[in-house]
Amino acid sequence: MTSLATLIKQGRKEEIWMKYCGFLDLSIDEFMEIQERLLMEQLDLLGKSMMGRMLMGDMIPKSIKEFREVVPLTTYKDYIGYLDVQREDVLPREPFAWCHTSGRTGEYKFKWVPYTQKMYDRLAEVVISAMILSSANRKGDINLENKDTVLLTTAPPPYFSAIITRTTDEHADLRFLPPLDKGEKMGYVERVQAGFKDAMILGLDYFYGISSVLVRIGQQFEEGGGGGTSLSLDMLRPGFIFRMLSGVIKSKLQGRPLLPKDIWNIKGIMTGGADSGVYGKLIEKYWGRKPIEGYACTEGGLMCCQAWNMKGMTFYPENDFLEFIPDEERKKEQEDPEYIPKTVLYNELELGVYELVFTNFHGGIMIRYRVGDMFEVIALRDDELNINLPQLNYYARSSDVINLANFAFLTEKDIWQAFEDTGIEYNEWIARKELKDDKAYLHLFVEIDPKNKLEESKLRSLVKESLANVNKDIKDMEEMLGYDPLKLDILNPGAFNAYMEYQKSQGADLAHTKPPHMNPTKEQLGVLIKEKKFKS
Amino acid sequence: MTWNINTIVPFITFFLYAGLMFVVLLSRPQTESRRRFRWFLMTMALWSLSAFFLLVDTTRSLGWMRMLASSAITMMIGLFFFVQTIIESKTSWAKYVLYYGFASVILSLFSNLVIISTVVEESTVHYVFGAGMVFISGPSYLLVIYSVILLVRSHNQTENLFERNRLLYLILAIGLIPLVSVINFFPELGKYPLDIAANGISALIIAYSILRYQLLDIRIIIRQGMVYSIPTIIIGATYFLIITLSLNIFNLYSGVEIFLLSLGVAIVTALVAEPLRVKAQQIIDRMFFREKYDSQVMLQTLSGRAASILDLYKVTNMILTEVTSTLHISKAAFFLRDEENGVFHITTHIGFEEVGNLSFRQGHPVALWLSTRDYPLDREEMEVLPQFQSLWKSERQDLERLEATLFLPIKVGSQLVGIFSLGPKRSEQAYTSEDKLTLSTVANQTAVAIENARLYTAEQNRRREIDTLYNLARQLVATDDLDTVLQSVSHYAVESVHVSYSRILIRENDKGFYCQAIYPEYNLAGSLGLGKIEPLITEHYFNWILQHGQTVVIDINDSNLNEEERQALFLHDAKTLCLTPLKGVDEIIGLLVLGEVGRNHREPFQAPDLRLVNVIADQATSAIQRAILHEQLEENFLQTVISLANAMDARDTYTSDHSQRLADMAGNVCRAMNISEEELEVVHWAAILHDIGKIRIPDEILRKKGSLTKKEWGIMKEHPETGAQIVAPVKYLSSVAPLIRAHHEKFDGSGYPYGLTGEAIPLGSRIIAVVDAYVAIRDERVYSKSHTHEEAVIELRKHAGTQFDPEVVEMFCRIITG
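Protein chains in written order, with this note's numbering: chain R, 730 to 1265; chain E, 103 to 920.
Right under this line is the structure:
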């Protein structure tokens, strides 16, 4: 097989596009053909494995219909006792790598997931696909080149994000900044700083990771901090000098502070998670390019990605078998926990909100797995780019949606966007649903920049206003319900840092050092507001 | 300006490099290596141009000489970077080469360090090098040597023959340039344009490498006619030169003389040059169009022969042989569609040691893709098209085993009937669009041949089925014997389906399946379970067939089978088994099991075979059922006859066990006389049934105490014949009838019904006569009282030789007395 580096070197751009982004040209029937074939292979493998038989029973389904009828939906709990102790003898194929992600606090420390060689290779292909799409301006536009630089912001192994980086490094001729072998040994902050330092000299072509990192760097530049990268003698090279000089000239000509986009001509930015949509504009302002959004999870890999118009995400057909639980079915299940929700397939999607269910291909072990993430189908096809596949946006974690008296449903993204829209500089926030006198309230806690001399009531009204703009349902809620459901408290400066320090002192894993944005537990809230006296 | 060899050489060389640069400029996409190659070609063109102007613009010879020197240095630096790109080497000090290049060009052009003076006299260049020559131009030579070493190393490391060829020509071309340019350090030699001539040769090598091996993947399409016109141009030029030369020599100016001279030269040239032109065209054919020429010959051969061969195996084999030898392909195979299940099975192949059961199942992405398209599928396309991401791991492994780089659809109408798979060319060159066109034509021819062969084979199969059915039916109609029926069926199944063995298992209600007939095509090690009940372990296979009533084909490599099951199914004597139910009106009476060891090239149990097996099974079922019914009928009849015999015993004056006693005694005599078991069995039944004919004799005659009248005696004498007629229809008793018929015959011929004498009377009858007489003497009858044993023996001996066979009498007396 011709490697990506060779294809790039030989200028076979059409083939590169076809290989990595050709899925966007599939018809829905072709998409489903791929899904069906790979599911049949997977069922064959699962039928020969102990874990597969345990989850599916002895009768191995012979069709998609049978599969959906016979095989139960699973959650990570169904794999406990096997995956958490990394038992390889029960799996359909020998794993090539084990990786984990943080579990839900209080449930399991980590969720371990095996990756077969094919899954590992496939992961690289979709990451490269996302890189190409992130830097494309039109169909067939390949800007990825050998030796392009990528900022290393991912966690060290065995975190899933490290697997993404390693497989990408093996399958593409890229330069990670700092180099992978060094960067993996560094702490997160040190790694990012070293990466930016290298980027000053070598340039920066791609970034994938958390949006807030880019925003933070951009803000530091705006404040004149130069992204937290201090000058050193070894940086005094022609590349660095030229880059800085041209950057300064560009910014001076436009009469504004030096921004990252003046220094780097970044080709593509890939982000995921609830903040991607929120920070999109800010990232473009600082970095000169909008990020494309993707969705990845440890159990299913990188599953979907936006195209170059940065609108809906399209799922990849050859990673996992896709099913979706319609929101109505999910609600039925919430009302009656015994109820088994029905699923629809990718070709049966309609506009609306769905919970994702997937089954790994290529010898993976997750079977009809509920990862707990919800998507909104925003279109059944992309008319602008002529993509004949359903277009989805990440909606929320199913457990994170705050339901206010069945009147308004607020997601992490809604609240995040509302804070952003206020224009107030803040550090972090959390949101909780609270019940008092049979009334449901949305209680927000926020740590703002100490230089903002803001009264809680003022901030509350600002947030309320922007929240109403983000979520129309909440707009009329006060009038309809007869009470104001929004509460807001400003946390002491450094509350989140104190929380992190406390968590570290308790030996918490990296992923658990910050409280979740949505519905943190009372204990978590307790740590956060330890020294705060509230009015309400 | 004077045109001479010194000016023409750099002039032509310039155009050669300019042409090459133009070709590379037009090539798409513009990769890094092509960009750098272009830079190198540009410096070469500049070098040649400087050399040209050095000679023609003598007023500025120093400037042109310096330009020549600096372009040579630039060329060598360009070459260094070009080589770095194509072998993907990243030298850390490459940037310093740029600094060096920049400095050396400036110094060469604007200082006396490299060239101090240059004078051109009568097209000869006289120059003086400066003190810095070695330091300035020396490193560039080192760079070129380093680059050549890198290329040689890369050439030795690469296993791709095609790539090796490309590198080899490149090494030759660029190695020649610095090698010959060393001449410039020796002013005596340097005054001749040897270096420029070498550059020209180098350009020609590069051009050839591009044309023949697509150097840097540059492809140039030159119309065949254009290349063919080269010999004509050469002839024209030769003609022109000869005319010019002749005019100079003969100084002929008159119009008529010029005309005559031209005419003469034209005729001579045409006569002399024509064979040269033909030869030149052949050389061009070999250099540029050999594959195309061979392909055309191959297509002609195939179109002529494919139509005349109707055997699918032969025709596909012939096509494979022709295609692989003409296009120098290492491996190829044909996959033809099984009409029953839509699977494309490998039918014929070439270049493989072992392919096993390679196939493209229904819905295989390759088959799906080809079924909707009329053009070949490249393996490289498969690597990039998302549709092929759905290939299973096992399918990918199969494709690896197949080593196919090109798949062609074989279509009849719009239906995909086959897949033509081709491995890489031995030269490791990719298939060109012309190759693909040729192969598509071959695939179309194959489709026609396949369709012809398919129709012919279908016809043959139908004939075979009819013949088999006809012959089998004739055999089966001729007998009601179950064993004969089973033997015929098992034999015909092996002969007509061309399998290695057959077994017929008959279902026995409680016990399972019983192997009642086998027919091995050749001696197999075991007995194939003849006469045995099938092991329990095979039960679930048989039960499945009983439930579904369908034929099952089991492969020895079926992963669901364990070793014990393989043994029980006799799969060690075959690679594939076919189990077909023998379906009666409302039940399955048994199974026809066919085993194939897979010695044939064909896939065992394909659709026509299975159809034939089912037809044989249907015929066999009805014959077996008929034979079983017949057997039951005979059994019933026999029981009836035995009942009648018993009834006769009771009706007659005999004791109730008369017949059985008679049979026992007769049996003892037989054994004493060493008579075979089969004959003993016949005598036994004859003894039991000997008087069955008395059924027709009225009681008043049979039980009459006084002597019989003549008429009554006449009726009495009919009973042997009547008895024989009663048992004759029972096949099992057919050999008993003659014994019954003759049991009242006497040794001297005075008996009845036919008055047979001596040995004309069957031995069994003679034995029964003696035993019956003894029992009659000993028993009390209506017409006589009982006698002692001694009296009976005396009586027997008395009539030995007249009424009885003396030998039998003697043997009987010895037994009965002793």
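A virtual CB, placed ideally from N, CA and C, is assigned to each residue, including glycine. Computed from a predicted model, the values in this text were never measured in an experiment.
On the DSSP letters alone, give me the boundaries of the alpha helix (DSSP H) that residue i sits inside.
i       : result
R/D1204 : As written in the sequence, residue 1204 of chain R is Lys, which differs from the Asp given in the question. 1201 to 1204 is the extent of the alpha helix (DSSP H) around R/K1204.
E/R916  : 908 to 919
R/M780  : 779 to 785
E/W815  : 812 to 818
R/W1158 : Where R/W1158 is concerned, there is no enclosing alpha helix (DSSP H), although the beta strand (DSSP E) it sits in stretches over 1155 to 1165.
E/Y572  : 535 to 579
E/H891  : 891 to 900
R/W841  : Taken as a continuous stretch (DSSP letters only), R/W841 belongs to no alpha helix (DSSP H), being part of the beta strand (DSSP E) at 839 to 844.
E/P511  : Unbroken run through E/P511 is the beta strand (DSSP E), 508 to 514; no alpha helix (DSSP H).
E/Q491  : Segment: none, E/Q491 is in no alpha helix (DSSP H) and carries neither H nor E.
Are residue i and residue j close, meaning C-beta to C-beta below 8 Å?
i       : j       : result
R/T803  : R/R1059 : no
R/R920  : R/G932  : no
R/I1203 : R/L1118 : no
E/S473  : R/R766  : no
R/A1147 : R/S1190 : no
E/L681  : E/V695  : yes
E/V425  : E/A434  : yes
R/K1019 : R/G1009 : yes
E/C772  : E/I869  : yes
R/V944  : R/L903  : no
Residue i versus chain E: which residues are under 8 Å apart at the beta carbon?
i      : result
R/I763 : P488, Q489, Q491, S492
Could you tell me which chain R residues have their CB closer than 9 Å to the CB of residue i, listed as they occur along the chain?
i      : result
E/K495 : E770, L774, R822, K847, H1091, G1092
E/E485 : M730, T731, E744, K748
Based on Cα-Cα distance, which residue from the options lies nearest to residue i?
i       : options                           : result
E/I188  : E/S225, E/N214, E/R136            : E/R136
R/L1183 : R/D1205, R/D1218, R/S1195         : R/D1218
E/L253  : E/V199, E/G406, E/F739, E/R268    : E/R268
R/G1030 : R/D1065, R/F1087, R/M999          : R/F1087
E/Y310  : E/E442, E/V158, E/G121            : E/G121
R/I757  : R/N1115, R/G1223, R/P1055         : R/N1115
R/L1173 : R/F760, R/T1151, R/Y1083, R/I1144 : R/I1144
R/Y1075 : R/Q764, R/I970, R/L784            : R/Q764
R/N994  : R/V879, R/D1065, R/M1103          : R/V879
E/A619  : E/S604, E/G769, E/K819            : E/S604
E/H466  : E/M484, E/V222, E/A555, E/I452    : E/M484
What does residue i reach in chain R if we use C-beta pairs closer than 7 Å?
i      : result
E/G465 : R766
Name the chain E residues that come within less than 7 Å of residue i, Cβ to Cβ?
i       : result
R/F752  : P488
R/L755  : P488
R/E1252 : Near R/E1252 there are no residues of chain E at all, since even the closest Cβ is about 46 Å away, more than 7 Å.
R/E707  : Outside the shown range of chain R, which is 730 to 1265, sits residue 707 of chain R, and nothing can be said about it.
R/E759  : Q489
Could you tell me the boundaries of the beta strand (DSSP E) in which residue i lies?
i       : result
R/R895  : Here R/R895 belongs to no beta strand (DSSP E); instead the alpha helix (DSSP H) covers 889 to 900.
R/A1169 : 1168 to 1177
Using 8 Å for Cβ pairs, my map puts residue i next to residue j. What's the rounded Cβ distance?
i      : j       : result
E/L181 : E/A305  : In fact, because the Cβ distance is near 14 Å, the residues do not count as touching under 8 Å.
E/L170 : E/S152  : 4 Å
E/L841 : E/V785  : 7 Å
E/W494 : R/E1157 : No, E/W494 and R/E1157 are not in contact; Cβ-Cβ is about 48 Å, not under 8 Å.
E/I307 : E/Y271  : 6 Å
R/V855 : R/E1028 : Between R/E1028 and R/V855 the Cβ distance is about 15 Å, and since that is not below 8 Å, they are no contact.
Could you tell me which chain R residues have their CB closer than 8 Å to the CB of residue i, listed as they occur along the chain?
i      : result
E/E482 : T731, E744
Under 9 Å Cβ-Cβ, which residues of chain E neighbour residue i?
i       : result
R/E1047 : P488, Q491, S492
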